[in-house]
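K.L.:
Could you have a look at this structure, given as C-alpha cells, before my questions?
Number of protein chains: 2
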Amino acid sequence: MPGVTLKTVAKAVGVSPSTVSNAYNKPDQLSTALRERILATAQELGYAGPDASARALRSGKAGAVGVLFTDKLAYAFSDPYAVGFLAGLAEVAEEFATSLLLMPLSSTDIAGGSNAVQQAAIDGAAIFCVPGGHPALEILANRGIPAVSTDRGDHPDLSWVAIDEVEAAAQLGEHLTRLGHREVVVLVDNAQAAGGQPVELTLDEVGYTDCELRIRGLQKAMPDARLRIVSGGHNAFASGLRGAEFVLDSQNRPTAIVGLSDVQALGALEAMKVRGLTPGRDLTLAGFDDIPAASAAGLTTVRQPIKDKGRAVGRILLDPAVTERQLLMPTQLIVRSSSGPAPKH
Amino acid sequence: MPGVTLKTVAKAVGVSPSTVSNAYNKPDQLSTALRERILATAQELGYAGPDASARALRSGKAGAVGVLFTDKLAYAFSDPYAVGFLAGLAEVAEEFATSLLLMPLSSTDIAGGSNAVQQAAIDGAAIFCVPGGHPALEILANRGIPAVSTDRGDHPDLSWVAIDEVEAAAQLGEHLTRLGHREVVVLVDNAQAAGGQPVELTLDEVGYTDCELRIRGLQKAMPDARLRIVSGGHNAFASGLRGAEFVLDSQNRPTAIVGLSDVQALGALEAMKVRGLTPGRDLTLAGFDDIPAASAAGLTTVRQPIKDKGRAVGRILLDPAVTERQLLMPTQLIVRSSSGPAPKH
DNA sequence: TCGTTTTTCTAGAACGATTTAGAAGAACGA
DNA sequence: TCGTTCTTCTAAATCGTTCTAGAAAAACGA
Chain A
1 MPGVTLKTVA KAVGVSPSTV SNAYNKPDQL STALRERILA TAQELGYAGP DASARALRSG
61 KAGAVGVLFT DKLAYAFSDP YAVGFLAGLA EVAEEFATSL LLMPLSSTDI AGGSNAVQQA
121 AIDGAAIFCV PGGHPALEIL ANRGIPAVST DRGDHPDLSW VAIDEVEAAA QLGEHLTRLG
181 HREVVVLVDN AQAAGGQPVE LTLDEVGYTD CELRIRGLQK AMPDARLRIV SGGHNAFASG
241 LRGAEFVLDS QNRPTAIVGL SDVQALGALE AMKVRGLTPG RDLTLAGFDD IPAASAAGLT
301 TVRQPIKDKG RAVGRILLDP AVTERQLLMP TQLIVRSSSG PAPKH
Chain B
1 MPGVTLKTVA KAVGVSPSTV SNAYNKPDQL STALRERILA TAQELGYAGP DASARALRSG
61 KAGAVGVLFT DKLAYAFSDP YAVGFLAGLA EVAEEFATSL LLMPLSSTDI AGGSNAVQQA
121 AIDGAAIFCV PGGHPALEIL ANRGIPAVST DRGDHPDLSW VAIDEVEAAA QLGEHLTRLG
181 HREVVVLVDN AQAAGGQPVE LTLDEVGYTD CELRIRGLQK AMPDARLRIV SGGHNAFASG
241 LRGAEFVLDS QNRPTAIVGL SDVQALGALE AMKVRGLTPG RDLTLAGFDD IPAASAAGLT
301 TVRQPIKDKG RAVGRILLDP AVTERQLLMP TQLIVRSSSG PAPKH
C-alpha cells in the first residue's frame with residue numbers, strides 16, 4: 001500500500017484533511033462518532049498515523065532531543081555516571097513522548113558540515129561533558145537550538161545543570177589535607193594519552209573545564225600539597241589503571257591518588273591491588289561521582305546526584321513550566337575505607 | 001534572525017533555491033565559484049544548512065535509525081552487553097552518516113499513540129531484546145519501518161541477527177552436566193520481581209523469548225537435573241544479587257547458579273562473596289554474554305560477539321549491499337574458575 | 001560553421017502534514 | 001422568533017526542502 005496519507009484517509013471518509021489531522025491531534029475538535037469512523041477507516045487502509053517528518057516540518061517540533069557526548073560512544077557508555085545521566089534524561093523524555101538522539105562527537109570532521117550536529121532534527125540538545133568552546137556548540141547556537149550543558153559556562157545566557165566543581169573538589173581536598181596528604185596525583189581524562197602512553201600534564205593542558213575546576217578546588221583546599229596531574233587516556237577504567245600504573249611504578253609515589261571520575265579511580269584501585277597495596281592504608285584513593293560500584297569497592301568519593309542532573313536537563317529542555325535555566329546541584333563527600341591518614345616517613 | 005531559509009540565501013545570492021540546495025548536496029552540479037559564493041553568503045546570513053525536517057520530508061530519508069530497548073533505559077545501559085551492541089551499531093551508523101534514536105519503551109500507554117515509536121522520524125529500527133509480540137513491533141510494522149531484531153522471531157520475513165540460544169545454553173548445560181551438577185538455579189530478568197521481592201517462576205512465566213530458549217537449552221543438556229527459575233528483578237547487577245541471596249538463604253541450595261546474563265551472574269557472585277562462598281569450589285556460577293568484567297571476575301560464561309551483532313544489525317538496516325536478512329552468530333563456551341565439580345554429599 | 005554534447009542553472013511541482021481564519025449548523029436564552 | 005454562542009468542520013496557505021524536466025550557455029568535434 002504505497003502512499004496512504006492523511007488525504008487518502010480524508011477522501012475515503014469523505015471529510016477534509018484537517019479533520020483527519022484533528023482526529024489524531026485534537027480529539028476535542030470533532031465529534032466522537034466521526035473521530036472513531038476516521039480512526040477505523042485509517043486502520044482499514046493501513047494508515048499508521050501522521051508522518052513524522054511532515055509533522056516535524058509543519059509544526060516545527062522534531063520530537064527528539066540530542067545528546068552530545070564527547071569522545072567515542074563506547075567510552076561514554078562505559079561510565080555508569082553517563083548511564084545515570086541518560087537514565088534521568090530518558091525518564092523526562094519519555095514523559096514528553098520525545099526520543100533521544102545520540103550524537104557521538106567524533107573529533108574529526110566536525111567542521112566538515114556533514115556531521116550529526118549539523119544535520120540532526122532535534123528540538124534541543126543536552127550537552128554532556130563537552131568542553132566549552134567545542135565547535136559543535138557553535139553549530140547548535142547557529143541553528144538556534146536550545147542547549148543545556150552539564151557544565152557551567154561563562155556566558156550568562158547559557159543554560160546548565162551543574163555542580164559547584166570547585167567546592168566539591170575542595171571538600172575532598174580538605175578531607176585529604178586533614179589526613180595529612182601532601183603528595184597527590186590527580187588522574188584526568190585526556191586525549192593526549194589516548195594512545196596508551198600515560199602523560200603528565202600541566203593545569204593548562206587539562207582542557208575539560210570541569211576537570212580544571214576540580215583540580216583548582218583541590219589546590220585551593222590543599223595549598224601546601226604538591227599536585228601532579230596524570231592521564232592514562234580517555235575517561236575509562238583502563239585509563240585509570242594505566243595512569244595509576246605509571247604513577248605507582250615511578251620513583252616518587254604520591255600518598256594519595258584522586259581520580260576525577262570513579263571509573264578512573266576504580267582502574268587505579270585495580271593497579272593498587274595488583275601491587276599488593278591496600279587502599280586507605282598504604283595509599284589513599286578517592287574518586288568522583290559515586291557510581292554504584294564505588295560503594296561496593298569502598299571508594300571515598302564525591303557524590304553528585306547524576307540522575308537528577310539528567311532529569312533537570314530534560315525538564316529545562318522539554319517542560320515549558322520550568323523557567324529556571326541554571327541549576328546548581330548539591331554534592332556530598334562520601335568517606336569510605338579507601339582514604340586514610342598519610343603514612344609517616 | 002528568524003526564518004533564514006534556502007530561499008533567503010537564494011535571493012541574497014541571486015540564484016534559484018534549487019541551486020543553493022545543490023550547493024549543499026550535489027557540489028558537482030554547479031561551478032565551484034558559485035558554490036563558494038553561496039556558502040559564504042549563507043554563513044553571512046547565519047544560515048545553518050538545510051533544515052533537517054524539511055529534508056527528511058522531501059527526500060523520504062530521516063537520517064536516523066531507532067533503537068528499541070525493553071524496560072527502562074536505565075536497565076538497558078547498565079549492562080555492558082547493551083553498550084557493546086550499541087557501540088557496534090553506532091560504528092555502522094556513523095559510516096552511513098546516520099544518527100541513533102533511542103526510543104524509551106514505557107510499558108504503559110504504548111497503545112495510546114502518543115509514544116516515541118509512533119512519532120519518531122526513523123528509517124529503520126534495531127530491536128534490542130524486546131519480547132516478540134510487543135505492541136511497539138506492530139506499530140513499526142504498520143508504519144512500514146524495516147526492523148532488525150536481536151532475537152529470532154517466528155515470522156520468516158522478519159530480519160534478525162541472533163545466536164542459537166538453545167545451542168549456546170546447551171553448551172553450558174553440557175559443561176555443568178559433566179561437572180555433575182543436578183541442582184541448578186537459573187537467574188532471569190523478570191518484571192514480576194521488579195518490586196524487589198525475588199520470585200520463583202515457571203518456564204511459561206519467563207516471557208522473554210531468548211530467556212525461555214536458553215532455559216530450554218539448559219534443560220535439553222541437563223535432562224536429569226532439577227532446574228529452578230528465579231528472578232530478582234530486571235536485568236541488572238542488583239537483581240542477580242537479590243536473586244542469589246534469595247536462593248542461597250533458602251533451605252535447598254543448588255550446586256550451580258546460572259545467570260542468563262553476566263551482570264546478573266556478577267551480582268550473584270557478590271552474594272556468594274558476602275557469604276564466604278568460593279565460586280567453582282563451594283558453588284558453581286556461570287553467566288551469559290562474556291562482558292569484559294566477566295573475565296576479570298573469572299566467570300564461566302557463554303560468549304557471544306555482541307559488537308559484531310550490533311554491526312550486523314546496522315549493516316542490514318543501512319547498507320544496501322547487504323542482502324542477507326537473517327544472521328546466526330557464533331557462540332563459545334568460556335570456562336573459567338567460577339565453575340567446578342559439584343560437591344559430593 | 002553547424003549540429004551535438006556537456007555543463008550550469010532554473011521553474012515549479014511535490015513531500016505530508018498543521019494552522020489559521022472562518023463557514024455552516026445546532027443549541028440556547030429571552 | 002431572533003440574535004447569540006457553541007460545536008463541528010473546512011479551504012487554503014504554509015512549513016523548507018528536494019526533485020524532475022528542461023532551458024540557456026558553453027564547449028566540442030568534425
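The listed protein sequences correspond, in order, to chains A and B.
Taking UniProt numbering, the leading residue of the first sequence gets 1, the next gets one more, and so forth.
Taking UniProt numbering, the leading residue of the second sequence gets 1, the next gets one more, and so forth.
Each residue gets a CB set at the ideal place from its N, CA and C atoms; glycine is no exception.
Is the shortest distance between the beta-carbon of LEU51/B and the beta-carbons of chain A less than 9 Å?
P.N.:
For the purposes of this step, residue 51/B is taken as the residue at position 51 of the second sequence. According to the sequence as given, residue 51/B is Asp; it is not Leu. Chain A contact via Cβ: present.
K.L.:
Going by DSSP, what residues sit across from PHE128/B in a beta bridge?
P.N.:
Taking the second sequence and counting its residues from 1, one reaches residue 128/B at position 128. PHE69/B, per the DSSP bridge assignment.
K.L.:
Shorter than 9 Å from the beta carbon of ALA87/A to some beta carbon of chain B?
P.N.:
Translated into positions along the first sequence, residue 87/A becomes position 87. So, interface residue.
K.L.:
Check whether chain A comes within 9 Å of PRO135/B, counting only Cβ atoms and requiring the distance to be less than that.
P.N.:
Translated into the one-based positions of the second sequence, residue 135/B becomes position 135. No, PRO135/B lies away from the interface with chain A (no Cβ there is under 9 Å from its Cβ).
K.L.:
Report the rounded CA-to-CA distance for PHE237/A versus ARG303/B, giving the unit in angstroms.
P.N.:
In the first sequence, residue 237/A corresponds to position 237, counting from 1. In the second sequence, residue 303/B corresponds to position 303, counting from 1. Cα-Cα distance, rounded: 21 Å.
K.L.:
With three or more beta-carbon pairs closer than 8 Å as the criterion, would you say the segment 124-133 of chain B touches the segment 23-40 of chain A?
P.N.:
In short, these stretches do not touch, since the Cβ pair count stays below three.
K.L.:
Cα-Cα, which of GLY124/A, ASP224/A, ARG242/A and SER250/A is closest to PRO179/A?
P.N.:
To locate residue 179/A, count along the first sequence from 1; it is residue 179. Reading the sequence as shown, one finds Leu at residue 179/A and not Pro. Answer by Cα proximity: ASP224/A.
K.L.:
Which residue from LEU327/A, PRO341/A, PRO17/A and GLY233/A puts its Cα closest to that of ASP157/A?
P.N.:
As a working note, residue 157/A is residue 157 in the first sequence. When only C-alpha atoms are compared, the closest one is LEU327/A.
K.L.:
Answer yes or no: does any C-beta atom of chain B fall closer than 9 Å to that of GLY144/A?
P.N.:
For this step, residue 144/A is matched to residue 144 along the first sequence. Chain B contact via Cβ: present.
K.L.:
Shorter than 9 Å from the beta carbon of ILE115/B to some beta carbon of chain A?
P.N.:
The residue labelled residue 115/B in the question sits at position 115 within the second sequence. The question names Ile, yet the displayed sequence has Asn at residue 115/B. It does: the Cβ of ASN115/B has a partner Cβ on chain A nearer than 9 Å.
K.L.:
Do the CB positions of GLY124/A and LEU269/A come within less than 9 Å of each other?
P.N.:
In the first sequence, residue 124/A corresponds to position 124, counting from 1. In the first sequence, residue 269/A corresponds to position 269, counting from 1. For GLY124/A and LEU269/A, no; Cβs fall outside 9 Å.
K.L.:
Taking Cβ-Cβ distances below 7 Å as the criterion, which residues of the segment 172-206 of chain B are in contact with chain A?
P.N.:
Under the 7 Å Cβ criterion, the segment 172-206 of chain B contributes no residue.
K.L.:
Hey, how far is the Cα of PHE69/B from the Cα of ARG58/A?
P.N.:
Translated into positions along the second sequence, residue 69/B becomes position 69. Translated into positions along the first sequence, residue 58/A becomes position 58. So the two alpha carbons sit approximately 29 Å from each other.
K.L.:
Nearest CA to the CA of GLY46/B: which residue from GLY144/A, ARG311/A, ARG253/A and ARG242/A?
P.N.:
In the second sequence, the residue the question calls residue 46/B occupies position 46. Measuring from the Cα of GLY46/B, the nearest candidate turns out to be GLY144/A.
K.L.:
Give me the Cα-Cα distance between LYS11/A and GLU44/A, rounded to the nearest whole angstrom.
P.N.:
For the purposes of this step, residue 11/A is taken as the residue at position 11 of the first sequence. For the purposes of this step, residue 44/A is taken as the residue at position 44 of the first sequence. So the alpha carbons of these two residues sit roughly 13 Å apart.
K.L.:
Would the beta-carbon of LEU266/B fall within 9 Å of that of ALA297/B?
P.N.:
Along the second sequence, read from residue 1 onward, the residue named residue 266/B stands at position 266. Along the second sequence, read from residue 1 onward, the residue named residue 297/B stands at position 297. Yes; because the gap between Cβ atoms is below 9 Å, this pair is in contact.
K.L.:
Return the residue from the list ARG311/A, LYS7/A, ALA256/A and ASN235/A that minimises the CA-CA distance to ASN190/A.
P.N.:
Here the question's residue 190/A lines up with position 190 in the first sequence. It is ASN235/A.
K.L.:
Just the chain B side, please: which residues come within less than 9 Å of MET103/A by C-beta, in chain order?
P.N.:
Your numbering for residue 103/A matches position 103 in the first sequence. Under the 9 Å cutoff, chain B gives SER99 and LEU100.
K.L.:
When the Cα atoms are used, what is the spatial distance from THR255/A to ASP79/A?
P.N.:
For this step, residue 255/A is matched to residue 255 along the first sequence. For this step, residue 79/A is matched to residue 79 along the first sequence. Each residue's Cα considered, the two are about 26 Å apart.
K.L.:
Which word fits residue 398/A, buried or exposed, when buried means at least 16 other C-beta atoms lie within 10 angstroms of its C-beta?
P.N.:
Given a span of 1 to 345 for chain A in the structure shown, any question on residue 398/A remains unanswerable.
K.L.:
Should SER150/A go down as buried or exposed, given a rule of 16 or more other Cβ atoms within 10 Å for buried?
P.N.:
Counted from its first residue, the first sequence places residue 150/A at position 150. First, the amino acid is wrong: residue 150/A is Thr here, not Ser. Burial call: buried.
K.L.:
When you compare only the Cα positions, how much space is there between LEU102/B and SER99/A?
P.N.:
Looking up residue 102/B in the second sequence gives position 102. Looking up residue 99/A in the first sequence gives position 99. When rounded, the distance between both Cα atoms is 6 Å.
K.L.:
Span of the beta strand (DSSP E) holding PRO104/A?
P.N.:
For the purposes of this step, residue 104/A is identified with residue 104 of the first sequence, where counting begins at 1. Note, PRO104/A: beta strand (DSSP E), 99-104.
K.L.:
Say whether chain A places a C-beta atom closer than 9 Å to the C-beta of ALA23/B.
P.N.:
As a first step, residue 23/B is located in the second sequence; it is residue number 23 there, counting from the start. Output row for ALA23/B: interface = no.
K.L.:
Could you tell me which residues DSSP pairs with ALA64/B in its beta bridges?
P.N.:
Taking the second sequence and counting its residues from 1, the one referred to as residue 64/B is at position 64. Partner(s): SER99/B.
K.L.:
Here's a check: name, in chain order, each residue in its chain whose Cβ is nearer than 8 Å to the Cβ of ALA93/A, leaving out the five neighbours to either side.
P.N.:
Working through the first sequence from its first residue, we reach residue 93/A at position 93. Excluding positions up to five away in sequence, the list reads VAL65, SER99, LEU100, GLY314 and LEU318.
K.L.:
Among ASP282/B, GLN171/B and PHE85/B, which has the Cα closest to the Cα of GLN332/B?
P.N.:
Along the second sequence, one-based indexing puts residue 332/B at 332. Residue GLN171/B is the option with its Cα nearest to GLN332/B.
K.L.:
When burial is assigned at 16 or more other CB atoms within 10 Å of the CB, is GLU95/B buried or exposed?
P.N.:
Indexing the second sequence from 1 puts residue 95/B at position 95. GLU95/B should be labelled exposed.
K.L.:
Does the beta carbon of LYS309/B come closer than 9 Å to any beta carbon on chain A?
P.N.:
Start at 1 with the first residue of the second sequence, and residue 309/B comes out as number 309. No, LYS309/B does not count as interfacial toward chain A.
K.L.:
Taking a contact to mean a Cβ-Cβ separation below 9 Å, would you say LEU218/B touches GLY173/B in this structure?
P.N.:
Mapped onto the second sequence, residue 218/B falls at position 218. Mapped onto the second sequence, residue 173/B falls at position 173. Yes, Cβ-Cβ distance for LEU218/B and GLY173/B is below 9 Å.
K.L.:
Where LEU260/B and VAL188/B are concerned, what is the direct C-alpha to C-alpha distance, given to the nearest angstrom?
P.N.:
The residue given as residue 260/B occupies position 260 in the second sequence. The residue given as residue 188/B occupies position 188 in the second sequence. Looking at the two C-alpha atoms, the distance is approximately 6 Å.
K.L.:
What is the residue span of the beta strand (DSSP E) that LEU333/A lies within?
P.N.:
Along the first sequence, one-based indexing puts residue 333/A at 333. Segment 332-334, the beta strand (DSSP E) holding LEU333/A.
K.L.:
Spatial neighbours of VAL67/B within its chain, please: C-beta separation below 8 Å, excluding the five flanking residues on both sides.
P.N.:
For the purposes of this step, residue 67/B is identified with residue 67 of the second sequence, where counting begins at 1. Closer than 8 Å at Cβ, skipping near neighbours: LEU86, LEU89, LEU100, LEU101, LEU102, MET103, ALA125, ALA126 and PHE128.
K.L.:
Could you tell me the boundaries of the beta strand (DSSP E) in which ARG228/B lies?
P.N.:
The residue labelled residue 228/B in the question sits at position 228 within the second sequence. From DSSP, the beta strand (DSSP E) with ARG228/B extends over 226-231.
K.L.:
Below 7 Å between beta carbons is the criterion; list the residues of the segment 38-62 of chain B that meet it against any residue of chain A, in chain order.
P.N.:
Correct list: GLY46, ALA48, GLY49, ALA52, SER53, ALA54, ALA56, LEU57 and ALA62.
K.L.:
Measuring CB to CB, does ALA244/B end up less than 9 Å from GLY232/B?
P.N.:
Reading the second sequence from its first residue, position 244 is the one you call residue 244/B. Reading the second sequence from its first residue, position 232 is the one you call residue 232/B. For ALA244/B and GLY232/B, yes; Cβs fall inside 9 Å.
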